[in-house]
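Colleague: My structure is below; once you've seen it, I'll send some questions.
Protein chains: 2
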Amino acid sequence: MYQKKIPELLDCGLAVAIKVIGGKWKAWIIDCIRRGVSRPSAIHREMQAVNPRIINLHLKELEEVGIIYKEIFAEVPARVEYRLTPVGESLLPVIDVMEQWGNAHKDYINRNHADYASGNCQFLQEAN
Amino acid sequence: MYQKKIPELLDCGLAVAIKVIGGKWKAWIIDCIRRGVSRPSAIHREMQAVNPRIINLHLKELEEVGIIYKEIFAEVPARVEYRLTPVGESLLPVIDVMEQWGNAHKDYINRNHADYASGNCQFLQEAN
DNA sequence: CAGGACAGGGAAAAATTTATCCCTGTCCTG
DNA sequence: CAGGACAGGGATAAATTTTTCCCTGTCCTG
Chain E
23 MYQKKIPELL
33 DCGLAVAIKV
43 IGGKWKAWII
53 DCIRRGVSRP
63 SAIHREMQAV
73 NPRIINLHLK
83 ELEEVGIIYK
93 EIFAEVPARV
103 EYRLTPVGES
113 LLPVIDVMEQ
123 WGNAHKDYIN
133 RNHADYASGN
143 CQFLQEAN
Chain D
23 MYQKKIPELL
33 DCGLAVAIKV
43 IGGKWKAWII
53 DCIRRGVSRP
63 SAIHREMQAV
73 NPRIINLHLK
83 ELEEVGIIYK
93 EIFAEVPARV
103 EYRLTPVGES
113 LLPVIDVMEQ
123 WGNAHKDYIN
133 RNHADYASGN
143 CQFLQEAN
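In the order they appear, the protein sequences are chains E and D.
Per our numbering, the very first residue in the first sequence carries number 23; after that it's consecutive.
Per our numbering, the very first residue in the second sequence carries number 23; after that it's consecutive.
Given below as structure tokens:
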């Protein structure tokens with residue numbers, strides 16, 4: 023993995039949470055595993071749009087920090103399944119809260135962002 | 023601002039939440055404003071380690087999506103204060119949840135991350 | 001054997017975010 | 001006037017993340 027040149031803020035809870043969940047596709051991957059889509063190839067199929075390589079990288083990072091772990095079955099051919107660790111499970115409510123907030127306000131956010139250039143201020147308009 | 027070449031996922035609540043709060047210093051900036059540190063120069067002082075230019079960029083992005091808004095006092099010299107919009111206020115509990123989760127698990131996360139190279143698996147060790 | 005599913009990763013490019021440097025103004029105080 | 005606080009941003013570089021391309025294996029089925 024890329025060796026960071028600028029140290030991270032590892033003592034701030036918020037920074038840690040964002041580090042864990044902030045990757046572009048991490049939350050989706052966690053959601054897959056939560057729903058039982060646990061094999062690498064299955065996750066790849068579930069997320070057609072995302073390059074398998076990327077998913078593997080994110081899986082590895084999630085594994086590194088102990089959010090998921092890998093179970094390797096000594097079958098032939100070898101089967102791999104990812105599962106949430108207890109700490110990974112504890113993250114689910116956090117994801118839910120974020121998801122709910124985002125769903126509740128995404129229209130507002132997107133509208134503002136889109137209208138910003140045109141000089142509108144949705145916030146003020148909503149205040150009426 | 024940089025013009026994105028790859029479209030974002032604006033219909034997913036999680037993506038929206040991460041977009042809003044995922045910036046490297048956005049959460050700290052929101053925290054400043056929440057605590058009443060609302061003037062640009064005051065925020066700069068509060069976050070010595072971060073380049074003022076960056077803070078300005080993040081402020082602008084937070085303003086663009088309607089999380090904060092700018093109040094410009096017609097004084098001389100002009101005074102500027104940032105405040106949270108209602109939607110910005112609604113984000114605070116989400117930040118708190120993330121912060122709490124991070125604080126509760128940052129040791130576990132950091133330990134795992136640090137030990138990963140050495141082959142230890144903190145998750146399994148904790149399971150004992 | 002040919003082809004495909006499966007797990008995994010190196011190398012390098014592209015995209016994006018973050019950082020640095022330095023500039024433009026106004027105003028106030030000594 | 002000199003200097004500093006204040007608000008703001010252009011140009012550019014550096015750091016980081018994401019993407020693409022392509023390769024290594026094993027095994028199973030037709």
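Think of the CB as a built atom: it goes at the ideal place given N, C-alpha and C, for glycine as much as any other residue.
All values reported here derive from a predicted model rather than from experimental measurement.
Taking the beta carbon of Ile28/E as the centre, do at least 16 other beta carbons fall within 10 Å, making it buried, or is it exposed?
Modeller: On the first sequence, position 6 is the one that residue 28/E refers to. Classification for Ile28/E: exposed.
Colleague: Tell me the residue span of the alpha helix (DSSP H) that contains Leu84/D.
Modeller: The count along the second sequence starts at 1 and reaches residue 84/D at position 62. That run of the alpha helix (DSSP H) goes 74-86.
Colleague: For Leu153/E and chain D, any beta-carbon pair shorter than 8 Å?
Modeller: Because chain E spans 23 through 150 in this model, residue 153/E falls outside it and cannot be assessed.
Colleague: Using a Cβ cut-off of 8 Å (strictly closer), state whether Asn134/E contacts chain D.
Modeller: Numbered from its first residue, the first sequence carries residue 134/E at position 112. So yes, Asn134/E belongs to the interface.
Colleague: Throw me the rounded Cβ distance for the Arg56/D and Leu106/D pair, which I believe falls under 8 Å.
Modeller: As a first step, residue 56/D is located in the second sequence; it is residue number 34 there, counting from the start. As a first step, residue 106/D is located in the second sequence; it is residue number 84 there, counting from the start. Confirmed, about 7 Å.
Colleague: Please report the residue range of the beta strand (DSSP E) in which Ile90/E lies.
Modeller: For this step, residue 90/E is matched to residue 68 along the first sequence. Taken as a continuous stretch (DSSP letters only), the beta strand (DSSP E) holding Ile90/E covers 90-95.
Colleague: At a Cβ threshold of 8 Å, is Leu113/E touching chain D?
Modeller: Mapped onto the first sequence, residue 113/E falls at position 91. Taking Cβ atoms only, chain D reaches closer than 8 Å to Leu113/E, which makes this a yes.
Colleague: Buried or exposed: where does Val98/E fall if 16 or more other Cβ atoms within 10 Å of its Cβ makes it buried?
Modeller: As a working mapping, residue 98/E is identified with position 76 in the first sequence. Answer is exposed; the Cβ neighbour count stays below 16.
Colleague: Does Val102/D come out as helix, strand or coil in the three-state DSSP assignment?
Modeller: Working through the second sequence from its first residue, we reach residue 102/D at position 80. Reduced to three states, the DSSP call for Val102/D is strand.
Colleague: Is the Cβ-Cβ distance between Glu93/E and Glu83/E less than 8 Å?
Modeller: Within the first sequence, residue 93/E is the residue found at index 71, counting from 1. Within the first sequence, residue 83/E is the residue found at index 61, counting from 1. Contact flag unset, no.
Colleague: Do you know how far the Cα of Ile65/E is from the Cα of Ile90/E?
Modeller: What you label residue 90/E is simply residue 68 of the first sequence in a count that begins at 1. What you label residue 65/E is simply residue 43 of the first sequence in a count that begins at 1. For Ile90/E and Ile65/E, the distance between alpha carbons rounds to 14 Å.
Colleague: Take the Cβ of Gly124/E as the centre, count every other Cβ of all protein chains shown within 10 Å, and call the residue buried at 16 or more, exposed below.
Modeller: Mapped onto the first sequence, residue 124/E falls at position 102. Per the 10 Å Cβ criterion, buried.
Colleague: Would you please state the rounded distance, in angstroms, between the beta carbons of Val87/E and Ile131/D? I believe it to be under 8 Å.
Modeller: Translated into positions along the first sequence, residue 87/E becomes position 65. Translated into positions along the second sequence, residue 131/D becomes position 109. Going by Cβ atoms, the distance from Val87/E to Ile131/D rounds to 5 Å, so yes, they are a contact pair.
Colleague: Check whether chain D comes within 8 Å of Asn73/E, counting only Cβ atoms and requiring the distance to be less than that.
Modeller: Counting from 1 along the first sequence, the entry for residue 73/E is found at position 51. Not an interface residue.
Colleague: Taking Cβ positions, are Leu36/D and Met120/E nearer each other than 8 Å?
Modeller: Along the second sequence, read from residue 1 onward, the residue named residue 36/D stands at position 14. Along the first sequence, read from residue 1 onward, the residue named residue 120/E stands at position 98. Contact flag set, yes.
Colleague: How far does the alpha helix (DSSP H) with Glu121/D in it reach, from first residue to last?
Modeller: Taking the first residue of the second sequence as position 1, residue 121/D is located at position 99. 108-137 is the span of the alpha helix (DSSP H), which, as asked, contains Glu121/D.
Colleague: So for Val59/D, helix, strand or coil by DSSP?
Modeller: Here residue 59/D refers to the residue found at position 37 when the second sequence is read from its first residue. Looking at Val59/D - three-state DSSP - the assignment turns out to be coil, as it is neither helix nor strand.
Colleague: In three-state DSSP terms, what is Trp11/D?
Modeller: One cannot answer for residue 11/D here, as it falls past the ends of chain D, which runs 23 to 150.
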